[in-house]
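**Student:** Quick note, my numbering runs 7 ahead of the 1-based positions in the sequence shown. Virtual Cβ for every residue (Gly too), placed ideally from N, Cα, C. Before anything else, here's the structure in question.
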Amino acid sequence: GEYFVATGIDPDREENRVYCFRNADPDPVWTFEVPADEAFGWYGVNIAHDGSVVVVNGKYRLYVINLEDGELIWEALTYNTESFIPISADASVLVVGSLTGVLLVYIWSEDDQAYRELWRYRFRSELASWVSACQVSLDGSIIAAGTLDFFEDHYGGRLALFETGRGSPLWVSDPLGDEISEVALNSDAGIVAATSWGDLQHQTPDLVIHERHSPEPFYSLSTPGSMTGLAMSDDGGHVVVGGKGVHSRQFGRGGRVSMVSVEIPGGRVAGVINDEGDEAVSGAVVSAAGNPYTAVSDQDGQYLLMVEVEGNRGLDLTVRKPGFMDGFRADVRVVEGEVTDDVDFTIDAADHAPEGLRASEGRRNRIILNWDAYNNRGLTVSDAPYRLAQTALGDRAVFTGATPWMQPQPPRRDGSDEAEAVNIYRSYLPGGPYRLIAAVDGDETTYYDDSDVFPNHRYYYVITADFGDGESDYSGEAVGWLDDDFLQWDVDLAPMADLPRIDGTIDEGEWEGAVLRDISDVFGYDDPDSAGSVEVRIGLDGEGNRLLFGFSCFTMEELQEKMGVGIYVDDDGNGEWTVERAGTEGNYWAYWIEGEPSLRYRSLYSPPYNADPYYIFENPELAFSDRHGYVEIELALPLGFHEVQEIGLYHPDYTIGLGLFAMQRDEEDNAIFNGWWPQNMFSIVSFPEQFARVHVPLELTVPPVAPEEVTLNRDGEDLELTWTDPTLGIDGGELRSLAGVRVYRNGELTGIVDAGTEQFIDDDVVHNGWYEYSLVGYVLDGEEVFEGAASRPVGTYAGEDPDLVEIGYDDGTAEGRFVVAFDGGDNRFAVCFDLSECDDTVAVYQVEFFAGDAAPIDVYIAENHQGIPGEIIGEAVTADPYEANAFHRLHFPGVDQPVVVSDPDWFHECWVVLDYLPDSPGSPSIGVDTGNADAVRNLYYRQDSGWQAFGRGQLMVRILVGAPIVAGPVDDDEDLPLTFRVGQNYPNPFNGSCLIPFDLVHQSAVSLELFGIDGRFVRSLDLGMLEPGYNSVLLNAATLSAGVYFVRLISDTDQGMIRILLVK
């Protein structure tokens, strides 16, 4: 080709580009730029066959670009796709396969100079379906689509074939074992091929090849792997597939490629179709009785019909086109593998079309067509005007029953024929292409169209008289549409004067002041429901801070297990799942479960409640009833900022995004949606930008944002915090009154400061101890303290930084990112560290690890127990990385650094264990240096398998170690102690480690001895030469059994003993 198009991704995620080159010129003809986050990477480039446009797409957006000059022609959302965008040869038809399970078909409108949605089709399975691959034929007439279907215990995939003029499949194949990875059509769309990953047991094929008319493949191929690539020659004679040597859901190497020669058995019939004036007739459909194939004549009237040859039987051929009487040839002989030529037809003009076609406008649920009576009308027409019909797909469009011609027709007959039927045709565009949708008796003058018609669309109709052996030309066109006034997706609430009682029945006048909306699933998230099937009333309790809902489900006659409604809330109304507070923004499920109402909340952005178990309301304001002969549901949801399950309202608009569904269950317990609002939503989970906007005019008590400009500095042995008080609430509005700031140190409240102070001195610290502070502003809600957002922690070591040595084994580059598993409990990674170059007693001050996600994870130090992590040393600490794909450093707080004591019976080693939290078993991923594998040093743990070697590389985990904290310096401002004293340990009882204070009168060597309750010597610790003053020593007893112990501290001149209690 003349052009070459390439895409480039900006590693800094600022601007992604498209480059167009001509021939061998290295300089681009043009470039096209988009913000990097707008398209979310590039997933496809596709140049139209006629060279007019190129379509490039990211995951969430597509761009149609003029190939010659790089100007943007049209752009649209893809609603999450991971495949390229197919386009017909002349760029008139464009297809999007979405991971929401929706296949979207667009057609170019010359009037609008833009693409218009033609139809959408949704695939459904037990859990979910993705449209994983799709393709459109060169002439735009046929569309193929493949899926990935999700089930509780397996995957599946289906291949479906569509005619572009209709939004329902011609056929859907039997399920394949896994994702349909690619689909292909030959040039005339007579052959359809698809590749699949296949099932894990390799019982289903990885390649199937179909003829267009059949859901049963005439060829299939199974391999030990999965097929992921597919190409087909224009004539369909050869198919090339390639893929992985093992299943795509399994680790393994190697590839596989195959070429299949395709030959369809049978013969051919060829000829020319002319009219009475010997002019070529294009767009005529040639068929044979009992033969699955049809052919359409081209602009020269020529056709080539494929036929199945069965013995010596002759074929009866029929030619049909609106505006002509049928042509017929009997007993045409066809030989296998040969072409029977010169089977020509001359077809006569038919009588004229019915007249006076009219279509209704703005009716509910159906469009009514009326026309003048055709039979027995007493009319003759000797010289009908010439008519010009045109389709948006051009002369080569292949539509059974369509008329893709552009030349005028000769005069019609004299109107003497009686019609056996009146054929009803419909198009999505003015002027066609038209599809036959129904036929009624020839004496009828009315037709009710309620099949696949939807609000917000215009439908263009023509009719013909069908004489049994011929068909009239198309009538004049009539346009009709459904009522769409009920499709209202914005709500402006006002506080209700009289509040409804939440008892499950909506009585007349009870919901006065609420806003009524029809939320019927008219577009068919499942099968379409009629307008008026489900209604909702939305109200506001301004005094009680509640959002009220009353659902009337007229198509649900009685209460049913697990039926109910879903309410999805984007509380700040910005069209994204983003939050000011973790766990907010999500959905509420109100279900009828085991004869009782149940109300649950799930976060859709972050923990808590973003995974089962979700938040369950105790004594919810929720009631169900079928007393009126249909199901009614009433409920109230809390408004506020106190808890994550409350709905916050944000300055300045106080407008939330709202999505709703109402559903019941089928016999197999599948959810069937009768209500879906807004009705044009693709996904109620994935696309909050499509939610309705609901204005809730209510000012709530709002806590403050986090204090800003937080600094932490050493002031001698003290630590000084300074900050700027917050002036805004977390709703973005001005804060009414800040009561004060609460200071948290190492996760515990350590001080409360009045508003305006903006300083805190912490003099209760230990030299070399780690202290990390977070500040939280608060307001008063009545007498209740109402905390706002916490500042990002700042921390330092008191007095001075300890002398630390870093130990690590990776090269600093994360070539991979791994998790133990995405499900299950108690998932862990562990790395062993060699401490042989360190002192016999060493403290672990810091752990550094590469986090692939910003998600919390527990970290602890463990003994080495015969090559696997043993007893925990100290306590686990939760690390909370703030940045993805970066190293995160965890400091063990205060003076609670885990102390590792050399084991004379084993190597001087310890383990760092990364312990995944139950709410996030598969996050964060951990960076791996894949070029440095050590299966002995790196382990992973699952409940069902225990500790196992991790051989994919070096987990990127490091430690910083130093001498244990044993004492603090003398405070010059205090008098020296007058007597030797050993204070009680704290905490007591303790788990793992404790601090023991003691007073020295004179400089002295000090040692510690530990005894069991039976007087048995356990261990000793040499503290070295210490200065006089108030000192302390950290005792690590993590390796000891629980029980009572005695500690004796010995100086040069004195000694003292205390009793301590170790618990586990």
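Which residues mark the beginning and the end of the alpha helix (DSSP H) in which residue 44 is found?
**Tutor:** Residue mapping note: residue 44 aligns to position 37 of the sequence shown, counting from 1. 43–46 is the extent of the alpha helix (DSSP H) around residue 44.
**Student:** Could you tell me the alpha carbon to alpha carbon distance between residue 148 and residue 330, rounded to whole angstroms?
**Tutor:** Taking the first residue of the sequence shown as 1, we reach residue 148 at position 141. Taking the first residue of the sequence shown as 1, we reach residue 330 at position 323. C-alpha separation (whole angstroms): 22 Å.
**Student:** Taking only the alpha-carbon atoms, compute the straight-line gap between residue 436 and residue 24 and give it to the nearest angstrom.
**Tutor:** As a first step, residue 436 must be located in the sequence shown, where it is residue number 429. As a first step, residue 24 must be located in the sequence shown, where it is residue number 17. The straight-line gap from Cα to Cα measures roughly 34 Å.
**Student:** To the nearest angstrom, report how far apart residue 481 and residue 350 are at their CA atoms.
**Tutor:** Here the question's residue 481 lines up with position 474 in the sequence shown. Here the question's residue 350 lines up with position 343 in the sequence shown. The alpha-carbon atoms of residue 481 and residue 350 are separated by roughly 27 Å.
**Student:** Can you look up residue 142 in the DSSP assignment and give me helix, strand or coil?
**Tutor:** The count along the sequence shown starts at 1 and reaches residue 142 at position 135. Here residue 142 sits in strand by DSSP.
**Student:** Identify, in the order they occur along the chain, each residue of the same chain with its Cβ nearer than 7 Å to the Cβ of residue 745, setting aside the five sequence neighbours on each side.
**Tutor:** As a working mapping, residue 745 is identified with position 738 in the sequence shown. Closer than 7 Å at the Cβ level, and outside the excluded window around residue 745, lie 711, 732, 733, 762, 784 and 786.
**Student:** By Cβ distance, which residues of its chain are closer than 6 Å to residue 126, with the 5 residues on each side in sequence left out?
**Tutor:** The count along the sequence shown starts at 1 and reaches residue 126 at position 119. Closer than 6 Å at Cβ, skipping near neighbours: 112 and 174.
**Student:** What does DSSP give as the partner residues of residue 818 in its beta bridges?
**Tutor:** In the sequence shown, the residue the question calls residue 818 occupies position 811. Note: residue 818 sits in no beta bridge, so no partner.
**Student:** May I ask which residues mark the beginning and end of the beta strand (DSSP E) holding residue 1032?
**Tutor:** If you number the sequence shown from 1, residue 1032 lands on position 1025. It spans 1024–1033 - the beta strand (DSSP E) in which residue 1032 sits, taken as one unbroken run.
**Student:** What does DSSP give as the partner residue(s) for residue 690 in the beta ladder?
**Tutor:** The residue given as residue 690 occupies position 683 in the sequence shown. None, per the DSSP bridge assignment.
**Student:** Per the DSSP calculation, residue 234 is bridged to which residue(s)?
**Tutor:** Sequence index remark: in the sequence shown, residue 234 carries index 227 (1-based). Per DSSP, 250.
**Student:** With distances taken Cα to Cα, identify the nearest neighbour of residue 590 among 680, 750, 429 and 862.
**Tutor:** Residue numbering aside, residue 590 sits at position 583 when the sequence shown is read from its first letter. Ranking the options by Cα distance to residue 590, first place goes to 862.
**Student:** Please classify residue 388: does DSSP put it in a helix, a strand, or coil?
**Tutor:** Within the sequence shown, numbered from 1, the residue matching residue 388 stands at position 381. Reliability fails at residue 388, whose pLDDT of 34 lies under 50, so the model's placement of it is uncertain and the value that follows must be treated cautiously. In this structure, residue 388 counts as coil in the three-state DSSP scheme.
**Student:** Distance check for residue 208 and residue 263, CA to CA, integer angstroms please.
**Tutor:** Position 256 of the sequence shown, counting from 1, holds the residue named residue 263. Position 201 of the sequence shown, counting from 1, holds the residue named residue 208. If I take the Cα positions, the gap works out to 18 Å.
**Student:** Could you tell me the boundaries of the beta strand (DSSP E) in which residue 156 lies?
**Tutor:** Translated into the one-based positions of the sequence shown, residue 156 becomes position 149. It spans 149–157 - the beta strand (DSSP E) in which residue 156 sits, taken as one unbroken run.
**Student:** With a Cβ-Cβ cutoff of 7 Å, do residue 855 and residue 896 count as a contact?
**Tutor:** Mapped onto the sequence shown, residue 855 falls at position 848. Mapped onto the sequence shown, residue 896 falls at position 889. Cβ atoms of residue 855 and residue 896: closer than 7 Å.
**Student:** Name the two residues that bound the continuous beta strand (DSSP E) containing residue 957.
**Tutor:** What you label residue 957 is simply residue 950 of the sequence shown in a count that begins at 1. Under the DSSP assignment, residue 957 falls outside any beta strand (DSSP E); it carries neither an H nor an E label.
**Student:** Within 10 Å of its beta-carbon, does residue 272 have 16 or more other beta-carbons around it, so buried, or fewer, so exposed?
**Tutor:** Indexing the sequence shown from 1 puts residue 272 at position 265. The residue is exposed, with fewer than 16 neighbouring Cβ atoms inside 10 Å.
**Student:** Taking the DSSP output, what are the residues bridged to residue 883?
**Tutor:** What you label residue 883 is simply residue 876 of the sequence shown in a count that begins at 1. The secondary-structure analysis by DSSP pairs residue 883 with nothing; it has no beta-bridge partner.
**Student:** Can residue 998 and residue 1070 be called in contact, C-beta distance under 7 Å?
**Tutor:** Start at 1 with the first residue of the sequence shown, and residue 998 comes out as number 991. Start at 1 with the first residue of the sequence shown, and residue 1070 comes out as number 1063. Against a cut-off of 7 Å, the Cβ pair of residue 1070 and residue 998 comes out as a contact.
**Student:** With distances taken from CA atoms, which of 663, 42, 1054 and 1049 is nearest residue 1002?
**Tutor:** One-based indexing of the sequence shown puts residue 1002 at position 995. When only C-alpha atoms are compared, the closest one is 1054.
**Student:** Could you tell me which whole alpha helix (DSSP H) segments of length 4 or greater appear in the stretch 324–366?
**Tutor:** DSSP runs (the alpha helix (DSSP H)) wholly in the stretch 324–366: none.
**Student:** Taking the alpha-carbon positions, what's the residue 692 to residue 334 distance?
**Tutor:** The residue labelled residue 692 in the question sits at position 685 within the sequence shown. The residue labelled residue 334 in the question sits at position 327 within the sequence shown. Using only the alpha carbons, I get a separation of about 55 Å.
**Student:** Can the beta-carbon of residue 184 be found closer than 7 Å to that of residue 153?
**Tutor:** Within the sequence shown, numbered from 1, the residue matching residue 184 stands at position 177. Within the sequence shown, numbered from 1, the residue matching residue 153 stands at position 146. The answer is no: Cβ separation not under 7 Å.
**Student:** The beta strand (DSSP E) spanning residue 1001 covers which residue range?
**Tutor:** If you number the sequence shown from 1, residue 1001 lands on position 994. Element bounds for residue 1001: 1000–1007.
**Student:** Can you tell me which of the three DSSP states residue 1061 falls into?
**Tutor:** The residue given as residue 1061 occupies position 1054 in the sequence shown. It is coil, neither helix nor strand.
**Student:** With which residues is residue 18 paired in a DSSP beta bridge?
**Tutor:** Here residue 18 refers to the residue found at position 11 when the sequence shown is read from its first residue. Paired residues: none, contrary to the question.
**Student:** Check whether the Cβ atoms of residue 558 and residue 543 sit closer than 7 Å, and answer yes or no.
**Tutor:** Within the sequence shown, the letter at position 551 stands for residue 558. Within the sequence shown, the letter at position 536 stands for residue 543. Cβ distance < 7 Å, so residue 558 and residue 543 count as in contact.
**Student:** Taking three-plus beta-carbon pairs below 8 Å as touching, is the stretch 908–915 in contact with the stretch 810–820?
**Tutor:** no
**Student:** Suppose contacts are defined by Cβ-Cβ distances below 7 Å. Is residue 144 in contact with residue 155 by that definition?
**Tutor:** The residue labelled residue 144 in the question sits at position 137 within the sequence shown. The residue labelled residue 155 in the question sits at position 148 within the sequence shown. No, the pair does not count as a contact, with Cβ atoms beyond the cut-off.
**Student:** Take residue 248 as the anchor and find which of 226, 46, 214 and 281 has the nearest alpha-carbon.
**Tutor:** Residue numbering aside, residue 248 sits at position 241 when the sequence shown is read from its first letter. Looking at the Cα atoms, 214 is the closest of the given residues.
**Student:** Would residue 17 pass as a contact of residue 46 if the rule is Cβ separation under 7 Å?
**Tutor:** In the sequence shown, the residue the question calls residue 17 occupies position 10. In the sequence shown, the residue the question calls residue 46 occupies position 39. Not a contact, by the Cβ cut-off of 7 Å.
**Student:** Note down, in chain order, each residue of its chain lying with its Cβ closer than 6 Å to the Cβ of residue 365, except the 5 sequence neighbours on either side.
**Tutor:** If you number the sequence shown from 1, residue 365 lands on position 358. Short of 6 Å from the beta carbon of residue 365, and not among the five residues preceding or following it, lie these beta carbons of its own chain, in chain order: 377 and 485.
**Student:** Compute the Euclidean distance between the alpha carbons of residue 537 and residue 686, then round it to the nearest angstrom.
**Tutor:** Taking the first residue of the sequence shown as position 1, residue 537 is located at position 530. Taking the first residue of the sequence shown as position 1, residue 686 is located at position 679. Looking at the two C-alpha atoms, the distance is approximately 12 Å.
**Student:** What are the uninterrupted segments assigned as beta strand (DSSP E) that are 3 or more residues long and contained completely in the stretch 640–693, given in chain order?
**Tutor:** 662–672 and 678–684
**Student:** Just list the alpha helix (DSSP H) runs in the stretch 181–247, keeping only unbroken ones of 4 residues or longer that don't cross its boundaries, in chain order.
**Tutor:** none
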